[in-house]
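Read the structure below first, then the notes.
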Amino acid sequence: MTENKGEIKKMMIILSKGTLENVYAAFVLANGARMEGIEAEMFFTFFGLESIHKKKLTHLHVATVGNPAMHIPTLLGGLPGVEALATTMMKKEMEKIDMPDVAEFLDILSASGVRMWACKLAMDMFHYKKEDLYEGVEDVITVGDFYKQSAGEGTHMLFI
Amino acid sequence: MEKVIAGKTIAVNEEGYLTDFKQWDKSIADELAAEAEISLSPRHWEVLNYLQTEFKNEVPLSIRKIGKSGVVDIKEFYQLFPKAPLKTATKIAGIPKPASCI
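Chains as they are written, first to last, in the numbering used here: chain A, 116 to 275; chain B, 2 to 103.
Written as C-alpha cells, this is what we have:
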C-alpha cells in the first residue's frame, strides 16, 4: 500500500445476484473502473449467472418483494405482473438516462476489456454449459482460479 | 490556473482540462497527447474532431455514445487512448471532462 499510495489498479467484482438493480450496480462499477484506466474482472456466481446466460439475460427483473426501498407493500409486490410492471418502468427510466440494456452493456464491458469468468460450482449446480453463456465470458473457473487472477498490488475485491 | 502548453499560456482547471476551448489548437493537442504518451495519428484526429463537434452541439459524452457514434467503436477507442479513454481524449480535445458514469 505504501508503494502505490493506495491507488486502485484492478477491481475484482463478484456478482452473485440476478436482480436487475444488482446486475446494473456490478456492470456500472466494472465499466466505471475501465473508464478510469483501472483493470476490471468479473466473477459470476449463483444467480449472477443469469446476467450472462444468453436466454435469461434479457429477462432480468427488479425485486419488488423484500425490497423496502421500492415502497411497494410486500403483499402487492407479490401479485402477478407487479414485478414485470416495475421492471418495465425502471427500464424506461434507465433508457432516459442513457443506460444500456443488459445485452448491450455486456458488449460494452467486453469491448472495454473487462474480463469475465463464470463460477464452476454454480455452473454445475444450475446445469449450465459454457455454450449457454455470453461469448465474452472467457472461461468457467474455480474460486481458487479467481483468487489467482486477483494477484497484484492495488487489487480490490467487491462482492455484490 | 494557468499552464504553459506548446509555448502558450493556457487557462486550465486543477485536473489540467482547458477551461476556454478558444485557446485550443493542434499544437496544444499534440503536447497534451505526448503527456499521455500518445502520438496522434489521423485516426486519433477523427475521434478528436468528433468529440469537439459533440461538445459544440452540447451533446453529453459517454462511452455508450462513442460506441454508437459510427466514428469509432469502443474497442478501438480504448486502443487509441489506452487507460482512461474518455478522460484522456476529451483533455487532448480541449473540452471539459464528461460527467458520465457510463
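Glycine included, C-beta positions come from ideal geometry on N, C-alpha and C.
Q) Using a beta-carbon distance below 8 Å, is A/N146 in contact with chain B? A) yes
Q: Can you give me the Cβ contacts of A/L172 inside the same chain, cut-off strictly under 8 Å, excluding the 5 residues immediately before and after it?
A: E165, S166, V217, A218, L221, Y249
Q) Applying a beta-carbon distance threshold of less than 7 Å, which residues of chain A neighbour B/G17? A) Those within 7 Å of B/G17 in chain A number zero; the least Cβ separation is about 15 Å.
Q) Taking the continuous beta strand (DSSP E) assigned at A/T270, which residues delimit it? A) 270-274
Q | Terminal residues of the beta strand (DSSP E) in which A/W232 lies | A | 230-234
Q. With burial defined as no fewer than 16 other Cβ atoms inside 10 Å of the residue's Cβ, what is the status of A/M116: buried or exposed?
A. Low local confidence applies: a pLDDT of 49 at A/M116 is under 50, so the model's placement there is unreliable, and no value is given.
Q | For A/L103: DSSP bridge partner residues | A | This structure cannot settle anything about residue 103 of chain A, because the visible part of chain A is limited to 116 through 275.
Q: Scan the region 216-236 of chain A for residues whose Cβ lies nearer than 7 Å to a Cβ of chain B and list them as they occur along the chain.
A: I223, A226, S227, G228
Q. Taking only beta-carbon atoms, is B/A94 less than 8 Å away from chain A?
A. no
Q | First and last residue of the uninterrupted beta strand (DSSP E) at B/M2 | A | Here B/M2 belongs to no beta strand (DSSP E), and DSSP marks it neither H nor E.
Q | Proximity below 8 Å, CB of A/P215 to CB of B/R65 | A | yes
Q | From A/E122, A/A141, A/M185, residue whose alpha carbon lies closest to that of A/M292 | A | With chain A represented from 116 up to 275, any question about residue 292 of chain A goes unanswered, as that position is not in the structure.
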